[in-house]
Amino acid sequence: MKLEAVNPAAPFNISPATVTKVLNEQYFLVQMDSLQGDSEGAGPGSSFLCHHGSTEIFPVQWSLKNGVPLSPPPGYQGQDFDWAYYLKQCGAEGAPESCFPVEQSDHDFVEFMRLEAVNPISPKYIHMATVTRVRGQHIWLGLEGLKQTLPDVITHVDSLDIFPVSWCESNGYPLQHPSKATGQAPNKTLLSILGIGLCQCFICRSLYQLKATPHAARQQDLSQSESAQGNGKYSCPKIFFNHLCFSGPYLNKGRIAELPQSIGPGNCVLVLKEVLTLLISSAYKPSRVLRELQQDPELRRHGQGETLKAKYKGKSYRATVGISRTADQVAEFCRKTCVRLECCPNLITPHMVLEHCSENCSLLTKTKNTHYYGKKKIKRIGRPPGGHTNLDISTKEGSRRKKRKPLSVCKKRLFTSVDSTPACSPLVLHILTFKTLK
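Position 92, counted from 1, in the sequence shown is what my numbering calls 78; the numbers after and before it change by one each time, with no gaps.
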């Protein structure tokens, strides 16, 4: 069977390929087509393992339907590639579309978005990249900072080789920058002011968008950003997640450990909103944490309200939470947030806690403080509530009821012998019988 595929070793174009071997019901082997003979020193194309849901394979005519150029196989005679002629020449048939999963464009990627991506030729390097084309679930990325120019890289939106802006900075990994500043290269200060320097979870796919702007407008924005950074009034420093600190009854310590080491720097509202969003997503019950933050009047008085969202058991929740706007309120805001969530005040702070916390929160344990959280109370059978008190209150004694005598059924006695002497009259006999019965 023939199909279209992206070579994982060089994901720069889409070319014809062939299913060479079916291993089982799920896995099969795909080989890139090559029409060059052995006399030219070129062997068969590279092979790679695929399954039903692989993102590197497409049905026949997929490139034509999506307006993407299809690269003919090496050795193909002719300028324009024609699938009908090629299938007839090879004596093969195209794989039906039922063999491929249905594509769903449920992502937020658009052209000119900025991100960070792995270099497919040298995977140890991560470069700045720009989205140049979007087709279904696939995007084309133009890498920057390369010693040699490469074509656009084709990748899937769920690929593990792409990261949001500032991921390398947050995780301490070197990022390959362009050697010379060009008109298309983003300025770090400008990105920070626009909120694009924030690290976000890629599952949400909520990358901030930076579109190309004229050079004059970019210079004007840059001058404004430099003046804003000069006074530092609205510039938030890095906020660290110190996952070794006590996480309290609401937050999951394991999920906090998976968060990035820090968020920011950048605009105060954007950075703190992202911090709260990550805390809510790290909770046992995100809706409960959202309610705690909403109910705190101190946090709402600190600044303007921002709408935060939480999802729990298939339901979505929204609440307006107050967030500080100036840099001088950031430290106090973080501390009050931690106190509200009953965790260590150093869990989220502008400084990093290396080993020993100043609050000695290592002495606290989840078992000691939160063994009751999330459990249903067991009703005890016994004395009703309010029936016992330690207060000395004089009360009137109630009158006692006299015990009732037990009822007894007396049976009449049958007298077999009756005294018939003259001295015993009928009246005396009646009295004697009554006494006997009594």
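Every residue gets a Cβ at the ideal spot worked out from N, C-alpha and C, and that includes glycine. All values reported here derive from a predicted model rather than from experimental measurement.
Closest by C-alpha distance to residue i, when choosing among the options
| i | options | result |
| --- | --- | --- |
| Glu328 | Ser344, Gly291 and Val275 | Val275 |
| Lys(-12) | Gly234, Phe226 and Gln17 | Gln17 |
| Ala3 | Gln63, Ala81 and Gly64 | Ala81 |
| Thr6 | Ala103, Gly31 and Phe227 | Gly31 |
| Met163 | Gly122, Cys330, Ala103 and Gly61 | Residue 163 is actually His in this sequence, not Met. Nearest C-alpha to His163: Ala103. |
| Lys133 | Trp126, Leu146 and Asn105 | Asn105 |
| Gly300 | Pro272, Cys324, Ser310 and Thr306 | Pro272 |
| Ser20 | Gln63, Glu11, Val46 and Asp147 | Gln63 |
| Leu265 | Glu341, His142, Phe227 and Ser302 | Phe227 |
| Ile125 | Gly158, Ser91 and Val151 | Ser91 |
| Asp144 | Pro45, Gln280 and Ser40 | Ser40 |
| Phe44 | Met338, Asn(-7) and Asn332 | Asn(-7) |
Limits of the unbroken beta strand (DSSP E) element including residue i
| i | result |
| --- | --- |
| Leu35 | Ser33 to His37 |
| Arg304 | Lys301 to Gly308 |
| Val(-8) | Lys(-12) to Val(-8) |
| Val120 | Ile112 to Arg121 |
| Val5 | Ile0 to Val8 |
| Lys133 | Where Lys133 is concerned, there is no enclosing beta strand (DSSP E), given that its DSSP letter is neither H nor E. |
| Lys224 | Note, Lys224: premise wrong, no beta strand (DSSP E); not H, not E. |
| Lys295 | Gly291 to Tyr298 |
| Gln17 | Tyr13 to Met18 |
| Val139 | Val139 to His142 |
Close beta carbons around residue i, own chain, < 7 Å, minus the five adjacent residues each side
| i | result |
| --- | --- |
| Leu35 | Tyr13 and Leu15 |
| Cys222 | Gly250, Pro251, Gly252, Asn253, Cys254, Val257, Leu258, Ala313 and Val316 |
| Val54 | Ile0 and Arg121 |
| Ala243 | His229 |
| Tyr71 | none |
| Trp48 | Glu(-10) |
| Gly77 | none |
| Leu340 | none |
| His142 | Thr41, Gln123 and His124 |
| Thr263 | Leu294 |
| Tyr298 | Lys271, Pro272 and Ser273 |
| Ser302 | Lys295 |
| Leu73 | Lys(-12), Glu79 and Gly80 |
Close Cβ partners of residue i (< 8 Å) along its chain, the five nearest in sequence each way excluded
| i | result |
| --- | --- |
| Ile225 | Ser248, Ile249, Gly250, Val257, Leu258, Val261, Val316, Cys320, Ile334, Thr335 and Pro336 |
| Cys154 | Glu102, Ile112, Pro160 and Leu161 |
| Asp24 | Residue placement at Asp24 cannot be trusted, given a pLDDT of 47 that sits under 50; the coordinates are not used to answer. |
| Tyr358 | Bear in mind that a pLDDT of 41 at Tyr358, under 50, signals an unreliable position, so the number given afterwards is only what the model happens to contain. Cβ within range, chain order: n/a, list empty. |
| Glu83 | Pro45 |
| Asn332 | Asn228, Cys231, Cys324, Val339, Cys343, Ser344, Glu345 and Cys347 |
Cβ-based neighbour list, residue i, same chain, cut-off 6 Å, excluding 5 preceding and 5 following
| i | result |
| --- | --- |
| Thr353 | Note that Thr353 has pLDDT 46, beneath the 50 cutoff, so the model's placement of it is unreliable and no number is given. |
| His374 | Since pLDDT at His374 reaches only 46, below the 50 mark, its modelled position is unreliable, and no value is offered. |
| Phe149 | Glu102 |
| Val8 | Phe14 |
| Pro58 | Phe67 |
| Asn52 | Arg121 |
| Ser33 | Leu15 and Gln17 |
| Asp405 | In this prediction, Asp405 has a pLDDT of 48, which is less than 50 and means its spatial position is unreliable; what the coordinates show is noted afterwards. Hits under 6 Å: none found. |
| Phe(-2) | Pro137 |
| Leu350 | Phe232 |
| Arg241 | Ser268 |
Beta-carbon gap between residue i and residue j smaller than 9 Å
| i | j | result |
| --- | --- | --- |
| Asp138 | Gly128 | yes |
| Pro87 | His38 | yes |
| Leu161 | Met114 | yes |
| Glu42 | Ala(-4) | no |
| Thr118 | Glu89 | no |
| Glu292 | Arg326 | no |
| Phe232 | Cys85 | no |
| Leu136 | Ile107 | yes |
| Gly61 | Gln123 | no |
| Cys343 | Gly234 | no |
| Ala296 | Ser267 | yes |
| Glu318 | Cys330 | no |
Range covered by the alpha helix (DSSP H) that runs through residue i
| i | result |
| --- | --- |
| Ile266 | Cys254 to Ser267 |
| Thr312 | Thr312 -> no alpha helix (DSSP H), and no H or E assigned at all. |
| Ala(-5) | Here Ala(-5) belongs to no alpha helix (DSSP H), and DSSP marks it neither H nor E. |
| Glu341 | Careful: Glu341 lies outside any alpha helix (DSSP H) and carries neither H nor E. |
| Glu155 | Trp153 to Asn157 |
| Lys219 | Counting along the chain, Lys219 falls outside any alpha helix (DSSP H), and DSSP gives it neither H nor E. |
| Gly250 | Counting along the chain, Gly250 falls outside any alpha helix (DSSP H), and DSSP gives it neither H nor E. |
| Lys239 | Lys239 to Ala243 |
Ignoring anything shorter than 3 residues or poking outside the segment 49 to 129, list the beta strand (DSSP E) runs there in chain order. Fully enclosed beta strand (DSSP E) runs of 3 or longer: 100 to 104, 112 to 121 and 124 to 129.
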